[in-house]
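Chemist: Have a look at this one.
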Amino acid sequence: PKGTDFNKVSEREVNLVANRLNKRPRKTRSYKTPDELFKGMRTCLLR
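Okay, so the sequence shown: first residue is 15 according to the numbering used here, each after it adds one.
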């Protein structure tokens, strides 16, 4: 939340929140998750 002191938030907690956000489908991206989009772009770049 706004005003959170991140010195009091553990790295584990930050990682859990980041993971939840990266697995949340986005309407603006045809309901794909950021993880899916990243994996797709990475695959294209490795070809």
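Where a beta carbon is used, it is the ideal one built from N, C-alpha and C, also for glycine.
Quantities reported herein were computed from a predicted structural model and do not represent experimental measurements.
Less than 7 Å between the beta carbons of Pro-48 and Asn-36, yes or no?
Modeler: Contact flag set, yes.
Chemist: For Thr-18 and Arg-26, what's the separation of their Cα atoms in angstroms?
Modeler: Approximately 16 Å between the Cα atoms of the pair.
Chemist: From Arg-38 to Val-31, what does the alpha carbon distance come to, in whole angstroms?
Modeler: Their backbone Cα atoms lie some 11 Å apart in a straight line.
Chemist: Between which two residues does the alpha helix (DSSP H) containing Phe-20 stretch?
Modeler: Looking at the DSSP string, Phe-20 is not in any alpha helix (DSSP H), and its letter there is neither H nor E.
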